[in-house]
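Protein chains in written order, with the working numbering: chain U, 94 to 351; chain G, 5 to 296.
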Amino acid sequence: MSERFTAQELMVAAAAREIRDGDLVFVGMRLPVLAYGVARNTHAPNARALFELGLLRDRPANAFLGTMGDPPNVAGSLWATGTSSTMALMAQGGVDLGFIGGAEVDRFGNLNTSYIGPPARPQLKLPGSGGGADIAILSQRWVTLMSHERRRLVERVSYVTSPGHGDGSPGWRRRHGLLGGGPAAIVTTLAVLRFPPQGGEAYLTSVHPGVEVAQVQAATGWRLQVGESWTMTEPPSSEELAQIRRLDPDGFWTRRSQ
Amino acid sequence: MSLAQAVERFVPDGAAVAMGCCLEPAIPFAAGHEVIRQRRRDLKLIGPISDSLFDQLIGAGCVAEVVAAWVGNVSEGLGHCYRRAVESRDPRPLTVRDHSNFSISLALWAAAWNSPYIPTPTLLGSDILSGQAALELVDGSVRVGAVRPDVCVLHVQRADAGGRAHTWGPLGVAQEAALAADGVILTCEQLVEPEVILSDPSRVLVPETKVVAVVHEPGGCLPSPLPGYWKRDHAAFREYAALSRTAEGFGRWLREWVLDVPDRAAYLAKLELDPLRVTRRLLAEPADYGYE
């Protein structure tokens, strides 16, 4: 019954459940690539995947992907094009869900993937936006995945690469002209956090099996609100695990220490 | 023309160079390594993601300025040379002009169309806007200023000696980068007769009038992949990530894979190529251009 799984496998399964059947998903890199494949082969057979280097697919690749640009992701794609063409669909509001990787996220869902410390002389230079800022601003809703640590889930990020709900005040995104609805969930190694539909502050909705609420709060850099009806995150089903292990047979993404 | 001659002639010190335009595949690593061997200095690199190529050029001290959406190592994470350059000015100070993938594409399209800027909703609410004159918030839109490369380097599947080339697969920002640049250097897997290219003009990304050099350089994209030719050499990216963690380790990597290697043929000779080669053909249906 209870198969063993890693934190990454649970995150992939949780991320996959954010995908609704029929969604156009802006996939990004790493774990979300697996999440799309799991969703497409289980509950969302009509979900399509858009990749910022210029690909559209209606099914996962037939072989392992180290990056979205590996040749198995090109073969059998619906459209091979340029970055600006994929961005056209998203700028028109056509992307239902986007995934963004983050190094640091704050209570209002703003992501920093650029600079820890002052940009002129940072303590840590991170790789940058990639397509993250575009997804954050233009997709209908988005989800970020990250390791749950106090230094990553912070009160306010010092640099907003990809805007979430800004300063948390109602209507912040609309006032600033951002087109999409912003962050819907933060999926971490310990829990799932969500945002109210109108924006604002993240709250705890589910903790992963074996994790205590207090442990999640201790690993969060602000006083984390706990939703009234918080639950335990549903563990990955054997069907979901089978899909994950088919897409990542050597555990490159889900079974090596990150 | 050899790659050494093409770099010698068309990538001078201080040049603005667009490379790695397809984000993860078709990255012109051979050309980048030749730039390092020729000890180019003060380059301005322009690109979206370019996997780990920009990190290598920065670590080798070739770069004064980077205009990009992302600099790191796609499957492994951080760009350690990029970190050292920004955090400790090692091996030299680096000016960073941050973009997103969409905004760098628009910056290149603006240059291609000879427009001063293109207005867009992307980057609204992002700190990428702060302190960058080329990204101006006006009337609720972001004006992305044109970014014009002097030269754009692309690795393609096949080309003829006259600068006509076929590319297929995802293109990233390759088309706008090539059109925006003053000149394009092509490195190709196969050098073919002109008839092969002329048989399918829809697969031509950029007109021959833009192309200043064609270099036959099989495997010129490795360790990045190329549809129909090469798989991604994941182990090479992992080894680079591990070694480049320290400046000393990067120096060892640089000597072994770039400085002590005279050219791409010698680089390939160090690899076990068979596992990286795409061997099972998956051919497209020919397109009919009939007219009578």
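For glycine and all other residues, C-beta sits at the position ideal for the given N, C-alpha and C.
Keep in mind it's a predicted model, so treat the numbers as computed, not measured.
Asked                                                                                                        : Found
Exposure label - Trp113 of chain G; buried when at least 16 CB within 10 Å                                   : buried
Same chain, Cβ closer than 6 Å to Ala106 of chain U, neighbours up to 5 away in sequence not counted         : Pro329 and Glu333
Per DSSP, cross-strand counterpart(s) of His269 of chain U                                                   : Beta-bridge pairing links His269 of chain U to no other residue.
Under 8 Å between C-beta atoms of Ala73 of chain G and Asn105 of chain G                                     : yes
Residue from G:Tyr121, G:Val160 and G:Gly76 with nearest C-alpha to Trp172 of chain G                        : G:Val160
Buried or exposed by the 16-neighbour rule on C-beta atoms within 10 Å, applied to Val319 of chain U         : exposed
Opposing strand residues paired with Ala142 of chain U [DSSP bridges]                                        : U:Val118 and U:Arg150
C-beta contact flag for Phe254 of chain G and Ser79 of chain G at 8 Å                                        : no
8 Å Cβ cutoff, Lys235 of chain G in contact with chain U                                                     : yes
Closer than 8 Å to chain G by CB, Pro220 of chain U                                                          : yes
Straight-line Cα distance separating Phe14 of chain G from Arg236 of chain G                                 : 28 Å
Met94 of chain U versus Ser331 of chain U: straight-line alpha-carbon distance, rounded                      : For Met94 of chain U, the pLDDT reaches just 44, beneath the cut-off of 50, and the residue's location in the model is therefore unreliable, although a value from the coordinates is still provided. Roughly 8 Å between the two C-alpha positions.
Rounded C-alpha distance that separates Cys66 of chain G from Glu221 of chain G                              : 22 Å
Cβ pair Gly292 of chain U, Gly275 of chain U closer than 8 Å                                                 : yes
CB contact below 8 Å: Asp227 of chain U versus chain G                                                       : yes
Beta-carbon spacing of Val148 of chain G, Leu139 of chain G below 8 Å                                        : yes
Beta-carbon gap between Ser299 of chain U and Thr324 of chain U smaller than 8 Å                             : yes
Own chain residues within Cβ distance below 6 Å of Arg284 of chain G, not counting five before or after      : none
Alpha-carbon to alpha-carbon, Ala273 of chain G and Thr126 of chain G                                        : 45 Å
Thr324 of chain U - partner residues in DSSP beta bridges                                                    : U:Ser299
Phe345 of chain U (DSSP reduced to helix, strand or coil)                                                    : coil
Coil, strand or helix - His220 of chain G by DSSP                                                            : strand
Assigned exposure category for Gln101 of chain U - 16 Cβ within 10 Å defines buried                          : buried
Rounded separation between Val282 of chain G and Arg245 of chain U - CA only                                 : 40 Å
Run of the beta strand (DSSP E) containing Leu195 of chain G, from where it starts to where it stops         : Gly187 to Leu195
CB contact check: Ile53 of chain G to chain U, cutoff 8 Å                                                    : yes
Beta-carbon spacing of Gly223 of chain U, Ile53 of chain G below 8 Å                                         : yes
Chain U contact for Phe106 of chain G (CB, 8 Å cutoff)                                                       : yes
Reduced DSSP category for Thr281 of chain U - H, G, I as helix; E, B as strand; rest coil                    : strand
Proximal residues to Gly166 of chain G (C-beta, below 7 Å), its chain only, five neighbours per side dropped : Pro198 and Glu212
Three-state class that DSSP yields for Pro290 of chain G in the structure shown                              : coil
In DSSP terms, what Thr124 of chain G is bridged to                                                          : G:Val146
Chain G within 8 Å of Gln216 of chain U, Cβ atoms only                                                       : yes
Residue range of the alpha helix (DSSP H) that includes Phe33 of chain G                                     : Phe33 to Arg41
Option nearest Val155 of chain G by Cα separation, candidates G:Ala20, G:Ala115 and G:Gln9                   : G:Ala20
Interface flag, Arg87 of chain G vs chain U, CB-CB below 8 Å                                                 : yes
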